[in-house]
Amino acid sequence: MIKDKYNYYSGNIPVNVTIESKKEEFVLVYEVNISQISANTELILDKIRDELVEKVKLGITDIVDPKKMDFVKEKFRETIVYLIEKYFPDISNETKDFFTTYLMHKSFGLGRIEIILNDSHLEEIVVNNADEPIWVYHRQYGWLKTNVILKNEGLIKHYSTLIGRKVGRSITSLSPLLDAHLDTGDRVNATLFPITTKGNTITIRKFSEKPITVTDMLKNNTLSLSAAALIWTGIQYEMSTLISGGTASGKCIMGDSEILLSDKRIKIRNLVEEELKNNKIEKIDDGFISNSNKEILSFNPKTLKIEKKKIEKVWKRKSPEYLIKVKTKSGRNITCTPEHPFFILDSEIKQVRADELNNNCSIAVPRHLSFDIKKYEFNLESLKPYKILEDNEEYSTMKLYNNSNSIRIPKKLSVELSRLIGYIMGDGHITKNLSGIKFFGEEDEILNDYMDCINKIFGIKSEIKKYKNRCRQIDINSKLLATYFNEVLEIPKGKKSDILRIPDYILFSDKIYLREFIKALFECDCYVDKIRSSLDLTTKSKDLAKDITIALEIFGIISRIRRTFKKAVNSNHKGDFYYNVGFAGKTLFDFNNEIGLISKRKSERINNSIKLKFSSNVDMIPNINNHIKYLKENLNLYEKDIKGNLSREAISRYICDIRTPSRDSLLTVVNAIEEKIPQSLDVLEIPARINFLKNLSNSDILWDSIISTEKIKSEEKWVYDLTVEDNHTFIANNIIAHNTSILGVVSNFFPPNQRIISVEDTRELMLSKHLHWVPMVTREPNVEGKGEISMLDLIVNSLRMRPDRIVVGEIRKKREAEVLFEAMHTGHSVCATLHANNSEEVITRLTNPPIDISKTLLPAISMIVIMYRNRRTGIRRVLEVSEITKDAIPNILMQYDMSQDRMLNANQSVKLLPELQTQTGLSIQEINQDLKDKVEILKWFVKKDINDVNGVGKVVANYYTNKEALMNFIRKG
């Protein structure tokens, strides 16, 4: 079955891609087809390629000298054209160009790998060995198996060698590992046999070809106009600049986590992938982002209510190495990134990272849910083979054979059908061959109710059968009925116990239908314990257990899930794990009022249980006793004044913080306190505290105790997140879950007549072609431990190359920092990056190990630019622009205001502007006018959408060479 089709060009080569599922494959297949090349043509092209070596006469120095690569390529191109014209004398120019490009790919490139590399939908291309097809990672479809197989291990090794030669590295049996970058910026790793035991491997990870520009940052509100103008001015007049930002990854959860939309549940992976497929995709540094307008259930931390909110963004990000698995007392669990926030209650609502949770914490989980009610009409397409005798809005009357009985098939849910579905999921059985339905039981009331439902809904009369040594059962032999329950109502046939789920048409239906379903299901599988005043339902299906807790929360009923192991009886089988959904005490009372059971026997057991006195230890509200104490003392109240119907001992325990109040107890206390407030009270904090406690006692939240947190190795490639309007929260697994780029931007403000040397571990900077730029990268040592070129080597060497500007990817070590600061003090302008979250942290990082330089060196830095990334939304902003005073203290000049989402002026400059005046001879008025001119240019960038690096670079170069003409041109529009 074809999932997708599209085409693209690799040079002059048109490529058609088909993504399809095939019967013999367990993953989707990525089929590459170069339609213009037939098998016979391919043979002739291979013959031409074989003749190339004989025709092109080159010396060994021509082949190995990188400077002669263009000369060699041109020689090959000329010979290829000659041979194509020889073997295809009547060929068109278009086809000749196509064949030439194809053969050049095979001769100098990576053959079909190079063709696949041009597919913009792909992130990774992987060759595992010559026996397996190439694999690709597709942005929408994940890992796909291609129809491309490299003919032998020698070819894979040849491609690895070719890549190594391009970057001046070798890969041999003595040095079998290669890590390099292609000239496209893509990252390549190659490993030779026998290090990889199945054969030689190549992994190519694609990177964005378009660098971020100042225009992109202005349009995305990452950088303000005034901040950009100030940074440009500092760069123009050779002020050394340090760019910094944090390193944390996004706050995400695993793809299997189930989230609750306003009208359905869905795995977050499926939702995000669906939105990425259907909407415009934006690539971010560690994944992808797209828009969404779906509605989701969200926790409002101000009102403590769960409400419907729009999803604004969906996020798919690379998984970190480790994740945190969180388990709660009620049986909930979620696996997320360490930074993922949870809501806890500690005198106030706070957010705590997953890796900071402990067993003393209680996190917010939903206790009451409300979905959009959907009116389902069942799709009867699967019943088409049956003869329709009558059809209306409510039902169709059908039969299979002329002599068979007709059956009414309902198109909509009813009270009786909801109850019947609960019965069949609990103690029913749909035969594997769909010949009929069986129901087992001993309670007369239940068996009779089952038969009444069957008769009322379908018009079928049935009877109870009794077999020796077996419980009673009701058999209905009807293929039509079995097919209806299996294919239309989605109840599994055959063995079903471990794969059951509550269907969406029940879970998201009106409460009257959901109530009847729960009644019937619990009648089949629950046990009422009079002594413990508890009720437990046991199921083998983990998903059904989770669904039941959600269904109960719709009625405001709190339950917990326990995993237990049950030994098999009278069998060699050891046993299995089962899941108990249970509740006790007041919750049992709530269940009886809201839902109840059907049989008299079980109903009486519940009634007898709830007559007993009970206290809840489930719906507790932790860490708020300080508020009760504050209100009592500041209102001059006694314990008797605030106890309501509680005991004075209970109030005393709350005041002394040795007991936690339940939700109901807290409401009792708050109501009692509120009655005692004097009319003339003029203390604003008291009403605020009372409102907070009332919100807690009337909230949609249960505070669920943590029983364990575990750091686990991630086995996932991706993790996922959502941006939700206003609240920025959503419900996952029934738990409420909550720098180099700018260096390139800044570097493109350099004047074109200055020599720029850049030093990086791996080539990431992409500067304008209008600049005098020499990029350098480090090199790893060879297999003998020789030939290493370190960052320090390159920094020292750059000072001998008469640079005007030095750009360093990242400062990590003391000696690197010392050399750079020495360069600053000797008049060189330096731009570099450092990992720190704010200006003060920059000082701390520079003056402590492992960098650990003297504070006296720091005033050489004229300007610090701090980048900020919102860890939930992924939005990036310039957080601070600051200067370092002569006393090595940061002075913030411009500060990002999160509440207004804009950059504001902070403090007066005591160093940067005076330095500019001293070094340029400009007055403050002239500097301010220059800043205004730059703002005009930056606005024009945005207006004209000039967002490629060379376009921006050309305008900046014109600014330096003929500013007046440029300004006149811009002002004319």
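Each residue of the sequence shown is one higher than the last, beginning at 1199 in the numbering used here. Using N, Cα and C, we set each Cβ at its ideal position, and we do this for glycine too.
Bridge partner(s) assigned by DSSP for residue i
{"i": "residue 1930", "result": "1457 and 1933"}
{"i": "residue 1489", "result": "1511"}
{"i": "residue 1467", "result": "Answer by DSSP bridge pairing: none, since residue 1467 is not bridged."}
{"i": "residue 1322", "result": "1335 and 1403"}
{"i": "residue 1913", "result": "Beta-bridge pairing links residue 1913 to no other residue."}
{"i": "residue 1344", "result": "1228"}
{"i": "residue 1430", "result": "According to DSSP, residue 1430 bridges with nothing at all."}
{"i": "residue 2080", "result": "2062 and 2090"}
{"i": "residue 1627", "result": "1636"}
Short Cβ contact (8 Å threshold) for residue i with residue j
{"i": "residue 1562", "j": "residue 1576", "result": "no"}
{"i": "residue 1323", "j": "residue 1410", "result": "no"}
{"i": "residue 2105", "j": "residue 2087", "result": "no"}
{"i": "residue 1243", "j": "residue 1297", "result": "yes"}
{"i": "residue 1440", "j": "residue 2030", "result": "yes"}
{"i": "residue 2092", "j": "residue 2108", "result": "no"}
{"i": "residue 1514", "j": "residue 1918", "result": "yes"}
{"i": "residue 2044", "j": "residue 2015", "result": "yes"}
{"i": "residue 1565", "j": "residue 1905", "result": "no"}
{"i": "residue 1651", "j": "residue 1618", "result": "yes"}
{"i": "residue 1239", "j": "residue 1229", "result": "no"}
{"i": "residue 1757", "j": "residue 1779", "result": "yes"}
{"i": "residue 1965", "j": "residue 1426", "result": "no"}
{"i": "residue 1950", "j": "residue 2158", "result": "yes"}
{"i": "residue 1326", "j": "residue 1396", "result": "yes"}
{"i": "residue 1840", "j": "residue 1894", "result": "no"}
{"i": "residue 1941", "j": "residue 2005", "result": "yes"}
{"i": "residue 1142", "j": "residue 2150", "result": "Examination of residue 1142 is not possible in this model, given that the chain is present from 1199 through 2171 alone."}
Proximity winner among the options, relative to residue i (alpha-carbon distances)
{"i": "residue 1731", "options": "1513, 1946, 1809 and 1765", "result": "1809"}
{"i": "residue 1848", "options": "2012, 1826 and 1567", "result": "1826"}
{"i": "residue 1386", "options": "1363, 1431, 1396 and 1371", "result": "1363"}
{"i": "residue 1692", "options": "1627, 1717, 1658 and 1747", "result": "1627"}
{"i": "residue 1988", "options": "1957, 1998 and 1976", "result": "1976"}
{"i": "residue 1167", "options": "1694, 1884, 1993 and 1519", "result": "The chain is shown only over 1199 to 2171; residue 1167 falls outside these bounds and no answer can be derived."}
{"i": "residue 1574", "options": "1703, 1460, 1602 and 1636", "result": "1703"}
{"i": "residue 1437", "options": "1500, 2110 and 1695", "result": "2110"}
{"i": "residue 1694", "options": "1654, 1623 and 1668", "result": "1623"}
{"i": "residue 1707", "options": "1523, 1462 and 1394", "result": "1462"}
{"i": "residue 1744", "options": "1339, 1455, 1331 and 1836", "result": "1455"}
{"i": "residue 1222", "options": "1350, 1199 and 1968", "result": "1199"}
{"i": "residue 1638", "options": "1649, 2041 and 1778", "result": "1649"}
{"i": "residue 1727", "options": "1763, 1701 and 1786", "result": "1786"}
{"i": "residue 1865", "options": "1817, 1801 and 1993", "result": "1817"}
{"i": "residue 2066", "options": "2099, 1946 and 1491", "result": "2099"}
{"i": "residue 1607", "options": "1616, 1589 and 1620", "result": "1589"}
{"i": "residue 1432", "options": "1633, 1837 and 2112", "result": "2112"}
{"i": "residue 1762", "options": "1330, 1773, 1723 and 1929", "result": "1773"}
{"i": "residue 1873", "options": "1829, 1231 and 1845", "result": "1829"}
{"i": "residue 1992", "options": "1958, 1985, 2021 and 1289", "result": "1958"}
{"i": "residue 1793", "options": "2138, 1752 and 1434", "result": "1752"}
{"i": "residue 1684", "options": "1578, 1669, 1807 and 1372", "result": "1578"}
For residue j and residue i, believed in contact at Cβ under 8 Å, the rounded distance
{"i": "residue 2001", "j": "residue 2059", "result": "So it is not a contact: roughly 18 Å between Cβ atoms."}
{"i": "residue 1450", "j": "residue 1526", "result": "The pair is not a contact, with the Cβ atoms about 19 Å apart (cut-off 8 Å)."}
{"i": "residue 1822", "j": "residue 1545", "result": "7 Å"}
{"i": "residue 1333", "j": "residue 1342", "result": "7 Å"}
{"i": "residue 1596", "j": "residue 1581", "result": "6 Å"}
{"i": "residue 1533", "j": "residue 1452", "result": "5 Å"}
{"i": "residue 1724", "j": "residue 1733", "result": "6 Å"}
{"i": "residue 1490", "j": "residue 1473", "result": "5 Å"}
>> What ranges does the alpha helix (DSSP H) occupy inside the region 2082 to 2159, keeping only unbroken runs of at least 4 residues that lie completely in it?
In response: 2110 to 2118, 2122 to 2141 and 2147 to 2159
> For the region 1961 to 2042, which segments carrying the beta strand (DSSP E) assignment without a break, of at least 3 residues, lie completely within its bounds, in sequence order?
Replying inline: Along the length of the region 1961 to 2042, whole beta strand (DSSP E) runs at least 3 residues long occupy 1970 to 1975, 2003 to 2006 and 2027 to 2033, reported in chain order.
>> So within the region 1634 to 1675, which uninterrupted beta strand (DSSP E) runs reach at least 3 residues, ignoring any that extend past its ends?
In response: 1635 to 1639 and 1670 to 1674
>> What ranges does the beta strand (DSSP E) occupy inside the region 1512 to 1549, keeping only unbroken runs of at least 3 residues that lie completely in it?
In response: 1520 to 1526, 1531 to 1534 and 1539 to 1543
> Could you give the uninterrupted runs of the beta strand (DSSP E) lying entirely in the region 1702 to 1787, keeping only those of 3 residues or more?
Replying inline: 1724 to 1727, 1732 to 1737, 1758 to 1765 and 1773 to 1782
>> Which complete alpha helix (DSSP H) runs does the region 1821 to 1895 hold, if anything under 4 residues is left out?
In response: Listed in chain order, the alpha helix (DSSP H) runs fully inside the region 1821 to 1895 are 1823 to 1832, 1837 to 1840, 1846 to 1853, 1861 to 1873 and 1883 to 1895, counting runs of at least 4 residues.
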